[in-house]
Amino acid sequence: MLTGECFCRDVRYEVADAFAYALNCHCSNCRRTTGSAFKPFAGIARDKFTVVSGADGLLIYGDELTHDAHCGRCGSLLYSQVRDGAYVHVAMGTLRDAPAIRPTAHIFVGSKAPWYAISDDLPQYQEHVTQGGE
Numbered sequence: 001m002l003t004g005e006c007f008c009r010d011v012r013y014e015v016a017d018a019f020a021y022a023l024n025c026h027c028s029n030c031r032r033t034t035g036s037a038f039k040p041f042a043g044i045a046r047d048k049f050t051v052v053s054g055a056d057g058l059l060i061y062g063d064e065l066t067h068d069a070h071c072g073r074c075g076s077l078l079y080s081q082v083r084d085g086a087y088v089h090v091a092m093g094t095l096r097d098a099p100a101i102r103p104t105a106h107i108f109v110g111s112k113a114p115w116y117a118i119s120d121d122l123p124q125y126q127e128h129v130t131q132g133g134e
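Numbering-wise (UniProt numbering), the sequence shown opens with residue 1 and increments by one.
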């Protein structure tokens, strides 16, 4: 199991080191929620992720099935619940432990920050991995 937490450490979680995929998302929503050029995230089935403390302090943006979960105190984006609630996208920067997986591609580069240059050799996709590969 891996552990993760927000900046102020009010919210902590555990997640199995069994991620199905990991990507760097450059969409404008991920850039705004992280305040960064992109959001590195790792996807895993919802039942392999548990908030172990501070769940009552989460700020949920979205609905019950699909949302972003931030710490209500410090604002850190911890995870996004996606695919009708079946998966969680863990913001990799909030992991305390190093996962076995690494991001394998950049997605939504069609809307990446114009001031950021991607300098690695990972594949780049204009939208989702299955759409608009370059």
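Glycine included, C-beta positions come from ideal geometry on N, C-alpha and C.
Using the three-state DSSP reduction, which class does residue i fall into: helix, strand or coil?
i, result
"V109", "helix"
"Q124", "strand"
Are residue i and residue j close, meaning C-beta to C-beta below 8 Å?
i, j, result
"V15", "F41", "no"
"L2", "T34", "no"
"V82", "T66", "yes"
"N24", "F38", "yes"
"D63", "S80", "no"
"D17", "A100", "yes"
"T130", "C6", "no"
"A22", "R73", "no"
"S119", "H26", "no"
"A113", "R32", "no"
With residue i and residue j assumed to form a contact (beta carbons below 8 Å), what rounded beta-carbon distance in angstroms separates them?
i, j, result
"A55", "A86", "Wrong, their Cβ atoms sit about 19 Å apart, outside the cutoff."
"F19", "G43", "6 Å"
"G75", "V11", "The Cβ separation is near 11 Å, so there is no contact."
Entirely enclosed beta strand (DSSP E) segments - the UniProt domain "CENP-V/GFA" (2-116), minimum 3 residues = 2-5, 12-15, 21-25, 39-45, 49-53, 58-62, 67-71, 77-82, 87-91
Could you say if the stretch 99-108 and the stretch 116-126 meet the contact criterion of at least three C-beta pairs nearer than 8 Å?
-> yes
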